[in-house]
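In our numbering, the protein residues as written are 45 to 166.
Even for Gly, the Cβ is constructed at its ideal location relative to N, Cα and C.
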């Protein structure tokens, strides 16, 4: 009885490993090596830095968890910088003179996030 059970478990394990190995690609497929999830858009480094600092101050987070991922020029000569702020997304607006006008959440906050920000303000 025990050897039949072991044989069944061993067969299952071998089948599972075969599925895992079959899903792996070792040849590096043409055109797929080195791809990353980075935006192809350009964000001016000065604008990105200003927005990252403003977001760090607003959310009480270290700058290392904030990144500028995209930017768009607006009709009024301002620029919107789309950012990833820890687990949230935000938009930073910079006026024509280069000053940060606002940082606005584009991802709703959880109750825990609201409570943490209130505690951090005290």
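1. Whole-angstrom Cβ separation of residue 134 and residue 147, contact assumed at under 8 Å?
2. For residue 109, which three-state DSSP category applies?
3. Assuming residue 125 contacts residue 140 (C-beta within less than 8 Å), just tell me the rounded distance between them.
4. Taking the alpha helix (DSSP H) that residue 153 falls in, what are its first and last residues?
5. Measuring straight from C-alpha to C-alpha, what distance separates residue 106 and residue 131?
6. Quick check: the Cα distance between residue 156 and residue 99, rounded to an integer number of angstroms?
7. Could you tell me if residue 123 is buried or exposed, where buried requires 16 or more neighbouring beta carbons within 10 angstroms of its beta carbon?
8. Nearest-angstrom Cα distance between residue 154 and residue 91?
9. Figure out for me which residue from 164, 137, 120, 129 has the closest Cα to the Cα of residue 152.
10. By the DSSP assignment, the beta strand (DSSP E) with residue 133 in it spans what residues?
11. Per DSSP, residue 128 is paired with what?
12. In whole angstroms, what separates the C-alpha of residue 162 from that of residue 88?
Result, derived from the coordinates:
1. If you number the chain shown from 1, residue 134 lands on position 90. If you number the chain shown from 1, residue 147 lands on position 103. Confirmed, about 6 Å.
2. Here residue 109 is taken as the residue at index 65 of the chain shown, counted from 1. Of the three classes helix, strand and coil, the one that applies to residue 109 here is helix, per DSSP.
3. The count along the chain shown starts at 1 and reaches residue 125 at position 81. The count along the chain shown starts at 1 and reaches residue 140 at position 96. The C-beta separation of residue 125 from residue 140 comes to about 14 Å, leaving the pair out of contact by the 8 Å criterion.
4. As a working note, residue 153 is residue 109 in the chain shown. Segment: none, residue 153 is in no alpha helix (DSSP H) and carries neither H nor E.
5. Translated into the one-based positions of the chain shown, residue 106 becomes position 62. Translated into the one-based positions of the chain shown, residue 131 becomes position 87. Roughly 13 Å separates the two Cα atoms.
6. Residue 156 sits at position 112 when you count from the first residue of the chain shown. Residue 99 sits at position 55 when you count from the first residue of the chain shown. If you take the alpha carbons of residue 156 and residue 99, they lie about 18 Å apart.
7. Within the chain shown, numbered from 1, the residue matching residue 123 stands at position 79. Residue 123 is classed as buried because its beta carbon has at least 16 other beta carbons within 10 Å across all chains shown.
8. Numbered from its first residue, the chain shown carries residue 154 at position 110. Numbered from its first residue, the chain shown carries residue 91 at position 47. Distance between the alpha carbons of residue 154 and residue 91: 28 Å.
9. Working through the chain shown from its first residue, we reach residue 152 at position 108. It is 129 whose Cα lies nearest to the Cα of residue 152.
10. Position 89 of the chain shown, counted from the start, is the residue given in the question as residue 133. Run containing residue 133: 132-138, per the beta strand (DSSP E) assignment.
11. Here residue 128 is taken as the residue at index 84 of the chain shown, counted from 1. Partner(s): 111, 133.
12. The sequence position of residue 162 within the chain shown is 118, counting from 1. The sequence position of residue 88 within the chain shown is 44, counting from 1. Taking the straight line joining both Cα atoms gives about 32 Å.
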